[in-house]
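Structure first, then comments.
There are 2 protein chains.
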Amino acid sequence: MAMPQIAVRRHDCHGCPLHALCIDEAPAGAALPVQRQPCLAQRSLRLSAGEHLFRVADDTARQLYVIRAGDIKLYQHGRDGGQHIVEFLGPGAWLGLESLFQPQHTAAAVALSACEVVVVPYPWLTALLDRQPRSAEAFAQMLSATVARHQRHAAMLRHTTALQRIAQFLLQRLELAGAAQGDATPAAPRASLPMSRQDIADYLALTASTVSRWLSVLRRRGWLVSGQRGVTLPAPAMLRRLAAGEVPAEPD
Amino acid sequence: MAMPQIAVRRHDCHGCPLHALCIDEAPAGAALPVQRQPCLAQRSLRLSAGEHLFRVADDTARQLYVIRAGDIKLYQHGRDGGQHIVEFLGPGAWLGLESLFQPQHTAAAVALSACEVVVVPYPWLTALLDRQPRSAEAFAQMLSATVARHQRHAAMLRHTTALQRIAQFLLQRLELAGAAQGDATPAAPRASLPMSRQDIADYLALTASTVSRWLSVLRRRGWLVSGQRGVTLPAPAMLRRLAAGEVPAEPD
DNA sequence: CGAACTGTTGACCGAGCTCAAAGCAAGTGG
DNA sequence: CCACTTGCTTTGAGCTCGGTCAACAGTTCG
């Protein structure tokens, strides 16, 4: 059985998160340029659940990270010992943007589950950015999207009730799961919650008690099935109405 | 009186906010390179108080802005009609970072006082970034600082009481005023408040009532003198203690 | 099986919001 | 110069949402 021999492996980096940044430079069958090397020579790192990737005030080691698999939470310390979760990050997300080209990290990152992260040294990044104009644009766009995302999250934390925040959070997790599946199952209302209730609370500026309370209410009403680290949402439409504040949020 | 004739005006752009980005390429008496041109050929814009620089969903026009003089507030619309102030920006600050290389603005910017802003078209920026490696780094650093700043602000809005937020805000305005004066008057405890009480409230995720109430308390206690658009803080040390939550925040 | 941890639920309480009224400053027109 | 308007600020009274504290249930791991 003579299989056709492939002249150039088109995409070793097809599933690579750097893809979006480095694909532009090789429009079609062009020879793989030098810059493509990072995609091939990736150095990756494995973390088990609970292990820190970096902590606050750690040296940045002049590198950042891209999550290939697993979930990571990015957090800061609140005055009172409680922690303030900046973001939950999944596969494809970049880590270390908040301290780019700066000596120390201003946040900490810890694995929620077993993770694989790709290491991206600054030199690789700058080389890419300098040699290839459009990549600088793409990277700037990603940074600005991060700014915009944080602005939206900050906005959500004001003028919204606990229930609204929880509903929005669930929807966010839901469409995140949907995007990962490539919309293959658009009607599968399953969302993963790899983080603890306390983590959810710290993300939404609530207490674990309150999160638990409202989740119970949703469960009692049938808007949410099952309870622990995964959840199915049979009525996303209703959740959307809750998130928008169209329902007065009765306790029971 | 024969004044010595200056051979080359060293820095036409000395007071220019782009300075930090473009100074590196001309270490010393080097001839002014082409890239320096933007500094000289700046197109600037004047706004009177209350005038919008851009609104949400406006076209970005592929340009961003740097404030040369005046104060601008950057805000988004909250669901309930109230507005959520992202940041107050003064001279030297960049505007439009949250929608960089994207078609539409995700926030609105309005002048609080008479302003002068410098227009920076994307092409200038990309030209600068592409030609000069260190500028890309500086720019990325600024973007990442913006991310970090928003993270800190979001962190402040949790686990802090109304009084703490107000104290922190006043201190922030104070050191901002100090920085503008180049620390010429380090002991001059004067801060400008070019925004309304409602704006302060929207920035701190409070109500105008609450802001007014606590400012009154501070005034009654003598930690704060005068009231309207400017304010003097005779006891910054006490404010710092309040901001840190070391004082139980008694109403009176 | 017990220990330690996470999640759930209840009772109470307080910080800040809502609603409302009055005080003040700046502008307008007679 | 003053009556009138308009918008911002201040202040009061009551109420509500979510936090605090605490007890209990369920899970994981030795």
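Residue numbers (full-length UniProt numbering), protein chains in the order written: chain A, 1 to 252; chain B, 1 to 252.
Where is the CB? At the ideal position from N, CA and C, for every residue including glycine.
Step through the CB atoms of chain A and report whether any lies within less than 9 Å of the CB of residue 139 (chain B).
-> Residue 139 (chain B) sits at position 139 when you count from the first residue of the second sequence. In terms of beta-carbon proximity, residue 139 (chain B) lines the interface with chain A, with at least one pair separated by less than 9 Å.
With residue 123 (chain A) as the anchor, note down where its alpha helix (DSSP H) starts and where it stops.
-> Position 123 of the first sequence, counted from the start, is the residue given in the question as residue 123 (chain A). Note, residue 123 (chain A): alpha helix (DSSP H), 122 to 131.
Beta-carbon proximity list for residue 206 (chain B), same chain, < 6 Å, skipping 5 on both sides = Start at 1 with the first residue of the second sequence, and residue 206 (chain B) comes out as number 206. Here the set comprises 162.
Within 10 angstroms of its Cβ, does residue 237 (chain A) collect 16 or more other Cβ (buried), or is it exposed?
-> Translated into positions along the first sequence, residue 237 (chain A) becomes position 237. Burial state of residue 237 (chain A) is exposed, judged by a 10 Å Cβ sphere holding fewer than 16 other Cβ atoms.
Cross-chain neighbours of residue 97 (chain A) in chain B, by beta carbon under 7 Å | In the first sequence, counting from the first residue as 1, residue 97 (chain A) sits at position 97. In chain order: 144, 147.
Below 7 Å between beta carbons is the criterion; list the residues of the segment 71 to 101 of chain A that meet it against any residue of chain B, in chain order.
-> Those would be 76, 78, 79, 80, 82, 84, 86, 97, 98, 99, 100, 101, in chain order.
What are the residues that DSSP puts in a beta bridge with residue 59 (chain A)?
-> Working through the first sequence from its first residue, we reach residue 59 (chain A) at position 59. Residue pairing by DSSP places residue 59 (chain A) opposite A:104 in a beta bridge.
Count the CB pairs spanning the segment 114 to 133 of chain B and the segment 68 to 82 of chain B that are closer than 8 Å, and state whether there are at least three.
-> Contact holds between the segment 114 to 133 of chain B and the segment 68 to 82 of chain B, because three or more Cβ pairs, one in each stretch, are under 8 Å apart.
Please name the residue or residues paired with residue 47 (chain B) in a DSSP beta bridge.
-> Counting from 1 along the second sequence, the entry for residue 47 (chain B) is found at position 47. Note: residue 47 (chain B) sits in a beta bridge opposite B:115.
CB contact below 9 Å: residue 106 (chain A) versus chain B = Residue 106 (chain A) sits at position 106 when you count from the first residue of the first sequence. Yes, its Cβ sits closer than 9 Å to a Cβ of chain B.
Based on Cα-Cα distance, which residue from B:120, B:165, B:215 lies nearest to residue 44 (chain B)?
-> Within the second sequence, residue 44 (chain B) is the residue found at index 44, counting from 1. The residue from B:120, B:165, B:215 with its alpha-carbon nearest to that of residue 44 (chain B) is B:120.
Please compile the residues from chain A whose C-beta is within a distance smaller than 8 Å of the C-beta of residue 52 (chain B).
-> For this step, residue 52 (chain B) is matched to residue 52 along the second sequence. Contact annotation for residue 52 (chain B) against chain A: no contact, minimum CB-CB distance about 18 Å [criterion: below 8 Å].
Alpha carbon of residue 159 (chain A) to alpha carbon of residue 78 (chain B), nearest angstrom = What you label residue 159 (chain A) is simply residue 159 of the first sequence in a count that begins at 1. What you label residue 78 (chain B) is simply residue 78 of the second sequence in a count that begins at 1. Between residue 159 (chain A) and residue 78 (chain B), the C-alpha separation is close to 7 Å.
With a threshold of 16 other CB atoms inside 10 Å of the CB of residue 104 (chain B), please say whether the residue is buried or exposed.
-> Counting from one through the second sequence, the residue named residue 104 (chain B) turns up at place 104. It counts as exposed.
Looking at the C-beta of residue 130 (chain B), does it have a partner C-beta in chain A at a distance below 9 Å?
-> Mapped onto the second sequence, residue 130 (chain B) falls at position 130. Residue 130 (chain B) belongs to the set of residues whose beta carbon lies under 9 Å from a beta carbon in chain A.
Tell me whether residue 167 (chain B) is buried or exposed, calling it buried when 16 or more other Cβ atoms sit within 10 Å of its Cβ.
-> The sequence position of residue 167 (chain B) within the second sequence is 167, counting from 1. So residue 167 (chain B) counts as buried.
Rounded C-alpha distance that separates residue 22 (chain A) from residue 242 (chain A) | Against the first sequence, residue 22 (chain A) aligns to sequence position 22. Against the first sequence, residue 242 (chain A) aligns to sequence position 242. Bear in mind that a pLDDT of 46 at residue 22 (chain A), under 50, signals an unreliable position, so the number given afterwards is only what the model happens to contain. Distance between the alpha carbons of residue 22 (chain A) and residue 242 (chain A): 41 Å.
DSSP state of residue 223 (chain B), grouped into three classes?
-> Along the second sequence, one-based indexing puts residue 223 (chain B) at 223. Reduced to three states, the DSSP call for residue 223 (chain B) is coil.
Whole-angstrom C-beta distance between residue 107 (chain A) and residue 75 (chain A), which should lie under 8 Å | Position 75 of the first sequence, counted from the start, is the residue given in the question as residue 75 (chain A). Position 107 of the first sequence, counted from the start, is the residue given in the question as residue 107 (chain A). Under the criterion of beta carbons closer than 8 Å, residue 75 (chain A) and residue 107 (chain A) qualify as touching, at roughly 6 Å.
Buried or exposed for residue 80 (chain B), please, with buried defined as at least 16 other CB atoms from any protein chain shown within 10 angstroms of its CB.
-> Start at 1 with the first residue of the second sequence, and residue 80 (chain B) comes out as number 80. Exposure of residue 80 (chain B) is indicated by the presence of fewer than 16 other C-beta atoms within 10 angstroms of its C-beta.
For residue 190 (chain B), which residues does DSSP report across the bridge?
-> Here residue 190 (chain B) refers to the residue found at position 190 of the second sequence. Beta-bridge partners of residue 190 (chain B) (DSSP): B:232.
May I ask which residues mark the beginning and end of the alpha helix (DSSP H) holding residue 253 (chain B)?
-> Absent from the model: residue 253 (chain B). The displayed extent of chain B is 1 to 252, so no value can be given.
Measure the C-alpha to C-alpha separation of residue 145 (chain A) and residue 247 (chain A) and round it to an integer number of angstroms.
-> Locating residue 145 (chain A) in the first sequence gives position 145, counting from the first residue. Locating residue 247 (chain A) in the first sequence gives position 247, counting from the first residue. The alpha-carbon atoms of residue 145 (chain A) and residue 247 (chain A) are separated by roughly 31 Å.
Could you give the distance in angstroms between the alpha-carbon of residue 203 (chain A) and the alpha-carbon of residue 101 (chain B)?
-> The sequence position of residue 203 (chain A) within the first sequence is 203, counting from 1. The sequence position of residue 101 (chain B) within the second sequence is 101, counting from 1. Rounded to the nearest angstrom, the two C-alpha atoms are 29 Å apart.
Are there 16 or more other CB atoms within 10 angstroms of the CB of residue 178 (chain A), so buried, or fewer, so exposed?
-> Locating residue 178 (chain A) in the first sequence gives position 178, where the first residue counts as 1. The residue in question, residue 178 (chain A), is buried, as its Cβ has 16 or more Cβ neighbours within 10 Å.
Label residue 250 (chain A) either buried or exposed according to how many other C-beta atoms from any shown protein chain fall within 10 Å of its C-beta, with 16 as the threshold for buried.
-> Within the first sequence, the letter at position 250 stands for residue 250 (chain A). Residue 250 (chain A) is exposed by the Cβ-count criterion.
Under 9 Å between C-beta atoms of residue 147 (chain B) and residue 50 (chain B) = In the second sequence, counting from the first residue as 1, residue 147 (chain B) sits at position 147. In the second sequence, counting from the first residue as 1, residue 50 (chain B) sits at position 50. The answer is no: Cβ separation not under 9 Å.
Residue 140 (chain A) burial status per 10 Å Cβ neighbour count (16 or more: buried) = Here residue 140 (chain A) refers to the residue found at position 140 when the first sequence is read from its first residue. Buried, because 16 or more other Cβ atoms sit within 10 Å of the Cβ of residue 140 (chain A).
Tell me which same chain residues have a C-beta within less than 7 Å of the C-beta of residue 62 (chain B), skipping the five on either side of it?
-> As a first step, residue 62 (chain B) must be located in the second sequence, where it is residue number 62. Within the same chain, residue 62 (chain B) has close Cβ partners 121, 122.
Within this structure, are the beta carbons of residue 176 (chain B) and residue 239 (chain B) separated by less than 9 Å?
-> Looking up residue 176 (chain B) in the second sequence gives position 176. Looking up residue 239 (chain B) in the second sequence gives position 239. The Cβ atoms of residue 176 (chain B) and residue 239 (chain B) lie no closer than 9 Å to each other.
Three-state class that DSSP yields for residue 238 (chain B) in the structure shown | Position 238 of the second sequence, counted from the start, is the residue given in the question as residue 238 (chain B). In the structure shown, residue 238 (chain B) sits in a helix (DSSP, three-state: H, G or I).
Own chain, CB closer than 6 Å to residue 165 (chain B), minus 5 neighbours either side, in chain order = Reading the second sequence from its first residue, position 165 is the one you call residue 165 (chain B). Counting only Cβ-Cβ distances below 6 Å, and skipping sequence neighbours, we find 204.
Strand pairing of residue 54 (chain A), partner residues [DSSP] | Walking along the first sequence from the start, residue 54 (chain A) turns up at place 54. Looking at the DSSP output, residue 54 (chain A) shares a beta bridge with A:109.
Along the chain, where does the beta strand (DSSP E) that runs through residue 87 (chain A) open and close?
-> Here residue 87 (chain A) refers to the residue found at position 87 of the first sequence. In the DSSP assignment, residue 87 (chain A) falls within the unbroken beta strand (DSSP E) covering 83 to 89.
Name the DSSP beta bridge partners of residue 94 (chain B), please?
-> On the second sequence, residue 94 (chain B) is found 94 positions in, with the first residue counted as 1. Residue pairing for residue 94 (chain B): DSSP places it in a beta bridge opposite B:66.
Per DSSP, residue 76 (chain A) forms a beta bridge with which residues?
-> Against the first sequence, residue 76 (chain A) aligns to sequence position 76. A:84.
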